[in-house]
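Enquirer: So the sequence shown is numbered by this note's numbering: it starts at 1400 and just counts up by one. Note that beta-carbon positions come from the ideal geometry of N, C-alpha and C, so glycine has one too.
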Amino acid sequence: MGELTVSQEILSETNEPEPRSASRSTFAGLFLVTLATLVYELLLTRIFSVTMWYHCAFMAVSVAVFGMTVGAIAVYLAPSLFSRKNTTLMLSVSTLAFSVTSILSVYFHLAMLNQTNLDFITMLQNTYLLTLVPFFFSGISVCLVLTRNTKQISQLYAADLLGAAAGCLFLPALFEVVDGPSAVLVVAFLCALAACAFSLPLKRFRLVTIIFTLILAVLIPINQSTHWMKLGPIVRGRKEETPLFEKWSMAARVRVLEMDRLLNRLYKAVGL
1400 MGELTVSQEI LSETNEPEPR SASRSTFAGL FLVTLATLVY ELLLTRIFSV
1450 TMWYHCAFMA VSVAVFGMTV GAIAVYLAPS LFSRKNTTLM LSVSTLAFSV
1500 TSILSVYFHL AMLNQTNLDF ITMLQNTYLL TLVPFFFSGI SVCLVLTRNT
1550 KQISQLYAAD LLGAAAGCLF LPALFEVVDG PSAVLVVAFL CALAACAFSL
1600 PLKRFRLVTI IFTLILAVLI PINQSTHWMK LGPIVRGRKE ETPLFEKWSM
1650 AARVRVLEMD RLLNRLYKAV GL
């Protein structure tokens, strides 16, 4: 009884409203956030395996866990910023930030590959910090949903798990359409859709999320023809030839080169 009295006093001092019931848009937003998070994490394992070495692929797992944990801790350490009355706004902002930083992190990682003056350790450190940021915002979003809608925690956790499971199935299908670097634009689009779902009660910010989502919807097909979000020309310290065909999968990246170019590379390798 004493513990109950103390907890009631603490709640009364915070002047925060009681836990509310989650709307359908909240369930949809959580599903999309966790789906995008898993797709982004798995995508990083494939990108790191190609741009660095295969054993660096597992770094994506530690980045994801650490980043989401830091995001959840930030919610705990800043109760005034993440108060219940600000939940809808902060959910929308953090999810939209997840979308933006997922693109920027991969873009700058690919750009670092062409910087020949960077040593491997420096590039690894920069890559870790860059790819940590999207997971930080993902952790904020997931933490806010689960801690601010405790009346339906079991249903929300089910939506969380369903989104993660769907993400594991989504990336192999996505590789049938786009390559690795281009897939991050689809991840950003999923996050933008989640931000739209979270921002439905907000009139002004809802317009921002809708406009950003439409921009990404246009940018994805444009990238398919222009390939501005691409790998190369320098990968693992070597300049790659333009392939006749390239295909990404969950197992490998297959590239088809012209025979003359391939022979020239072999001759250079043996010193002929």
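#1: Applying the 10 Å Cβ sphere with the 16-neighbour rule, what's the burial state of D1559?
#2: Relative to the C-alpha of G1470, which residue among M1522, L1531, A1459 is closest?
#3: How would you call N1513, buried or exposed, if buried means at least 16 neighbouring beta carbons within 10 angstroms?
#4: Does the separation of the CB atoms of F1604 and S1491 fall below 8 Å?
#5: Starting from the Cα of G1466, find the closest Cα among L1488, Y1439, W1452 and give me that residue.
#6: So with Cβ pairs under 8 Å, would you call A1477 a contact of chain B?
#7: Would you call the region 1532–1547 and the region 1426–1445 in contact, with 3 or more CB pairs under 8 Å?
#8: Is the region 1578–1594 in contact with the region 1614–1631, if contact means three or more CB pairs nearer than 8 Å?
#9: Is it right to say A1564 is buried, meaning 16 or more other beta carbons lie within 10 angstroms of its own, or is it exposed?
#10: Just list the residues that DSSP pairs R1652 with in beta bridges.
#11: Could you name the residues of the same chain whose beta carbon sits closer than 6 Å to that of G1562, not counting the 5 residues immediately before and after it, in chain order?
#12: In the DSSP assignment, what are the bridge partners of V1634?
Expert: In this structure, then:
#1: For the purposes of this step, residue 1559 is taken as the residue at position 160 of the sequence shown. Looking at its Cβ environment, which holds 16 or more other Cβ atoms inside 10 Å, D1559 is buried.
#2: Along the sequence shown, read from residue 1 onward, the residue named residue 1470 stands at position 71. Cα-wise, what sits closest to G1470 is L1531.
#3: As a first step, residue 1513 must be located in the sequence shown, where it is residue number 114. Exposed is the call here.
#4: Translated into the one-based positions of the sequence shown, residue 1604 becomes position 205. Translated into the one-based positions of the sequence shown, residue 1491 becomes position 92. Yes, these two residues count as a Cβ contact at 8 Å.
#5: Counted from its first residue, the sequence shown places residue 1466 at position 67. Ranking L1488, Y1439, W1452 by Cα distance to G1466 puts Y1439 first.
#6: In the structure shown, chain B cannot be found, because there is only a single protein chain.
#7: yes
#8: yes
#9: The residue given as residue 1564 occupies position 165 in the sequence shown. With fewer than 16 Cβ atoms within 10 Å of its Cβ, A1564 is classed as exposed.
#10: Stepping through the sequence shown from its first residue, residue 1652 is reached at position 253. Answer by DSSP bridge pairing, in chain order: W1647.
#11: Taking the first residue of the sequence shown as 1, we reach residue 1562 at position 163. Here the set comprises F1430, T1433, L1434.
#12: Taking the first residue of the sequence shown as position 1, residue 1634 is located at position 235. R1637, per the DSSP bridge assignment.
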